[in-house]
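What follows is a set of notes on a single structure, which appears directly below.
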Amino acid sequence: MSPFISIVILTYRRPLEILRNVNEILSIEYCPFEVIVVNNGNSEDLNELPSNDSRVKVINLDNNIGVGARNRGIKSSLGDYIFTLDDDVFGLTGEAIRLVINKFRDKKDLCAVNFKVIDDLTEHQVNWMHHRKIEEFHNAEFETYEISEGAVAFRRGMILNTELYPESFFISHEGPDLALQIMKLGARVIYCPEVVVRHSHAEGGRMSWRPYYYDTRNQIFLAIRHYPLPMAFRKLFVGLGAMLIYSIRDGFTSYFFKGCWDGISEYKKTAAKRNVLSGDAMKRYLEIEKKNPSIWYMLKKRLLNNKVRI
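The numbering of the sequence shown is numbering that gives the first Met the number 0, which starts it at 0 and goes up by one.
Written as structure tokens, this is what we have:
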């Protein structure tokens with residue numbers, strides 16, 4: 000018998016997308032599974048969901064708690080393996096699920112599998128956050144210290160040994176934070192191009208200033224929580240320098256400085272959970288980092304983009 004899996008979908012004011020997503024998943028050729036919809040928005044957005052299917056569970060939250068909602072879904076799940084999707088990420092198949100399960104079975108230290116994400120219309124690859132050149136590595140499997148929160152699967156027995164996503168982040172950089180927690184367990188995170196999902200890039204509910212504020216603030220949070228001081232200064236010099244350039248370019252400079260201020264002013268609270276990367280986890284992190292593209296490559300690539308996306 001196939002293992003029981005959980006598919007956790009986070010939704011926020013996208014009634015059409017969540018309806019399409021749930022209906023697609025209920026038709027996949029895999030059994031047994033459950034679908035957990037965690038609603039960060041208005042409960043009326045879910046009125047059209049099938050209410051008579053025992054596989055579908057809905058968690059309606061009183062407020063939008065950002066990434067904390069994903070944690071609620073993971074903690075409520077019963078599956079041996081937990082697949083987490085955004086409401087506008089489609090195309091998960093029974094074949095893909097079985098492939099992921101086999102990855103977990105073959106690699107006993109594997110905790111998380113990131114999927115390949117393509118645009119729902121153009122089928123071009125999107126949402127590449129891994130620190131490698133996409134043109135060279137998009138079809139290669141490799142270890143990474145990133146997690147694509149809305150297109151990833153976890154091994155239940157490992158992921159529940161972490162804090163899960165840091166709820167203080169709200170949105171942005173919660174993926175690398177969780178990846179570092181996983182690495183400290185002695186477990187691994189990989190990118191797997193064989194598992195392909197489709198992203199429709201539904202932007203409903205997001206405000207344009209958010210990336211410039213949260214990307215900035217949460218880089219500081221991430222450094223405080225995980226990096227030794229020399230690495231923290233190096234990472235922040237590069238990361239905040241890039242965010243300053245993007246913010247000036249796009250006219251959101253005030254949100255950049257607010258993010259810096261809030262990140263620094265919350266140092267004491269953030270440092271209470273500081274657990275510095277070290278030992279084997281640090282060694283593996285540095286090995287992954289050797290494949291990172293140059294700063295100039297990244298700046299050139301992102302400056303040609305007309306917006307920051309989180």
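Ideal Cβ placement from N, Cα and C applies to all residues, glycine included.
For this session: Look at the Cβ atom of Glu-193, then the Cβ atom of Leu-91, and state whether they are nearer than 7 Å.
Result: Going by beta carbons, Glu-193 and Leu-91 fall outside the 7 Å limit.
Problem set entry | The beta strand (DSSP E) enclosing Glu-33, as first and last residue numbers | Element bounds for Glu-33: 32-38.
Exercise. Among the residues of its own chain, which have a CB less than 8 Å from the CB of Val-125, if the five just before and after it don't count?
Worked result: Scanning its chain for C-beta atoms nearer than 8 Å, with the 5 sequence neighbours on each side dropped, one finds around Val-125 the residues Val-116, Ile-117, Asp-118, His-198 and His-200, in chain order.
Exercise. Straight-line CA distance for Ser-53 to Glu-47?
Worked result: Each residue's alpha carbon lies about 15 Å from the other.
Problem set entry | Test: Arg-197 CB closer than 7 Å to a CB of chain D | Included in the structure is just one protein chain, with no chain D present.
Exercise. Going straight from the alpha carbon of Gly-204 to that of Asn-39, what length do you get?
Worked result: Low confidence applies to Gly-204: its pLDDT is 49, below 50, so where it sits in the model is not reliable enough to give any reading.
Problem set entry | The alpha helix (DSSP H) enclosing Glu-135, as first and last residue numbers | Run containing Glu-135: 133-136, per the alpha helix (DSSP H) assignment.
Exercise. To the nearest angstrom, how far is it from the Cα of Ile-158 to the Cα of Pro-49?
Worked result: Their Cα atoms are separated by approximately 29 Å.
Problem set entry | Close Cβ partners of Asn-291 (< 6 Å) along its chain, the five nearest in sequence each way excluded | Non-local beta-carbon contacts of Asn-291 in its own chain, meaning distances under 6 Å to residues more than five positions away in sequence, involve His-130 in chain order.
Exercise. Three or more C-beta pairs closer than 8 Å, one from the region 167-176 and one from the region 204-223: is that the case here?
Worked result: Inter-segment contact for the region 167-176 and the region 204-223 is present: three or more beta-carbon pairs are separated by less than 8 Å.
Exercise. Under the three-state reduction of DSSP, which class applies to Phe-114: helix, strand or coil?
Worked result: Phe-114: strand per DSSP, three-state reduction.
For this session: Determine the closest residue to Val-151 out of Ile-133, Leu-109 and Ile-263, with distance taken between C-alpha atoms.
Result: Measuring from the Cα of Val-151, the nearest candidate turns out to be Leu-109.
For this session: Give the single residue among Glu-148, Arg-104 and Val-237 whose Cα lies nearest to the Cα of Leu-84.
Result: For the residues Glu-148, Arg-104 and Val-237, the minimum Cα distance to Leu-84 belongs to Glu-148.
Exercise. Using the rule of at least 16 other Cβ atoms within 10 Å of the residue's Cβ for burial, across every protein chain shown, is Ile-6 buried or exposed?
Worked result: Classification for Ile-6: buried.
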